[in-house]
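K.L.:
To get our numbering, take the position in the sequence shown, counting from 1, and add 4.
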Amino acid sequence: MLRLTPAQVLVASTGVIGVELDAQLILNTLPRLKEGLTQDGFEPVSRAIMTTDLVSKTEGVELKLRRGTVRIAGMTKGSGMIQPRMATTLGFLMTDALLAPAVVSRMVRAGNAVSYDRISVDGDTSTNDTLVMMANGACGFRPDLKELPAVQEAVNAVLQSLAKQIARDGEGATKLIEIQVSGTAKAEKAVAIARSIANSPLVKTAVAGNDPNWGRIICAAGNAGVEFDPAKVSIQIQGVTVCKRGLAAPFSEADLKTKLNSPDVLIQVALEGSGRASTTFWTCDLTEGYIRINASYRT
């Protein structure tokens, strides 16, 4: 866990891989940045870190504890080259809770595991990523030991909101896709299946075209490297059962195509009899817009 003194600056950046930053430009700008510090600079900073992002991404919560209220706020950027380990993302989480560095480290790692590590835009990764949590103790008190789980839940909620905003704002995206996988023996197996579905170009383009092609979903699940019985797999799209125990289920394709014409799409995959582990993963559809952005990103 990195401890920063008031004289230290943590540098974070994304950009074209292989192009080195001019450190002197950063050093020359620091005095001006210090003079411009203000209590209402949160939103301007969230906009300043945008690259191909179309919108700034922020979230904040207040949590009432026994001795008072603590606040947790975060900002992030990311739109393309998104598939954690962690991808081209910058995330900054701040709280006025009085927390020891070791506690902060545990909280941000646990929160990351159910947020940034559960999103994908294009299945690609980058050399540049940063997720930082800072606690300044300005609230004036330390949460009780029994209150730490509630603080962790609040941290998770903020990070999940930020991560979902990244997936929703994926380059060229028009839809946020939530993938729920249940019934595996271990959680990591559910994650592997969900990630494989999220990264499938065939699934993502089907969603873009409002096509309830569930065969692409079960195919992507089978490519995850997780052993399961296809005859025990059921799939729902937008709450409509399209596959029951590995076979096509009767449904109105016209009605489901209408339901798919929505900014939010839910895909649920259930493996019967394998276990009780589950996970939730977020991604977005894949459109021509992604190609246009990335075909000329550097030039």
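We put the CB at the ideal spot given by N, CA and C, even for glycine. Note that the structure is a prediction, hence the values are computed from the model and not measured.
1. Using only alpha-carbon positions, find the residue among Ala114, Cys143, Ala225, Ala198 that is nearest to Leu161.
2. So, does the segment 174-182 touch the segment 266-286, judging by three or more C-beta pairs under 8 Å?
3. Measure the alpha-carbon distance for Glu231 versus Gly219 and round it to whole angstroms.
4. How many angstroms separate the CA atom of Phe255 from the CA atom of Arg172?
5. Would you mind sorting Asn32 into buried or exposed? The rule is 16 or more other CB atoms within 10 Å of its CB.
6. How is Ala77 classed by DSSP in three states: helix, strand or coil?
7. According to DSSP, what are the bridge partners of Asp44?
8. Take Thr18 as the anchor and find which of Ala253, Leu275, Leu94 has the nearest alpha-carbon.
9. Enumerate in chain order the residues of its own chain whose CB-to-CB distance from Leu69 is below 6 Å, with the five nearest sequence positions on each side excluded.
10. Grab the span of the beta strand (DSSP E) containing Val269 for me, first residue to last.
11. Going by C-alpha to C-alpha distance, which of Asn214, Ala189, Ala202 sits closest to Ala225?
12. So what's Asp215 in DSSP terms, helix, strand or just coil?
13. So which of Gly174, Ala191, Arg249 has the shortest CA-CA distance to Met54?
P.N.:
Checking against the coordinates, here is how it stands:
1. Along the sequence shown, read from residue 1 onward, the residue named residue 161 stands at position 157. In the sequence on display, residue 161 carries Ala and not Leu. The option with the nearest alpha carbon to Ala161 is Ala114.
2. A contact between stretches requires three or more CB pairs, one per stretch, nearer than 8 Å, and the segment 174-182 meets this requirement with the segment 266-286.
3. To locate residue 231, count along the sequence shown from 1; it is residue 227. To locate residue 219, count along the sequence shown from 1; it is residue 215. So the alpha carbons of these two residues sit roughly 18 Å apart.
4. Indexing the sequence shown from 1 puts residue 255 at position 251. Indexing the sequence shown from 1 puts residue 172 at position 168. Rounded to whole angstroms, Phe255 to Arg172 spans 28 Å at the Cα level.
5. In the sequence shown, counting from the first residue as 1, residue 32 sits at position 28. Label assigned to Asn32: exposed.
6. Indexing the sequence shown from 1 puts residue 77 at position 73. For Ala77, the secondary structure class from DSSP, reduced to helix, strand or coil, is strand.
7. To locate residue 44, count along the sequence shown from 1; it is residue 40. When beta bridges are read from the DSSP output, Asp44 appears opposite no residue.
8. Counting from one through the sequence shown, the residue named residue 18 turns up at place 14. Selected option, being the one with the closest Cα: Leu94.
9. Mapped onto the sequence shown, residue 69 falls at position 65. If we look at Leu69 and ignore the five residues flanking it on each side, its Cβ neighbours are Pro147, Glu151.
10. The residue you call residue 269 lines up with position 265 of the sequence shown. Run containing Val269: 268-275, per the beta strand (DSSP E) assignment.
11. The count along the sequence shown starts at 1 and reaches residue 225 at position 221. The residue with the shortest Cα to Cα distance from Ala225 is Ala202.
12. By 1-based counting over the sequence shown, the position of residue 215 is 211. It is coil, neither helix nor strand.
13. For this step, residue 54 is matched to residue 50 along the sequence shown. Per the C-alpha coordinates, the member of Gly174, Ala191, Arg249 positioned closest to Met54 is Gly174.
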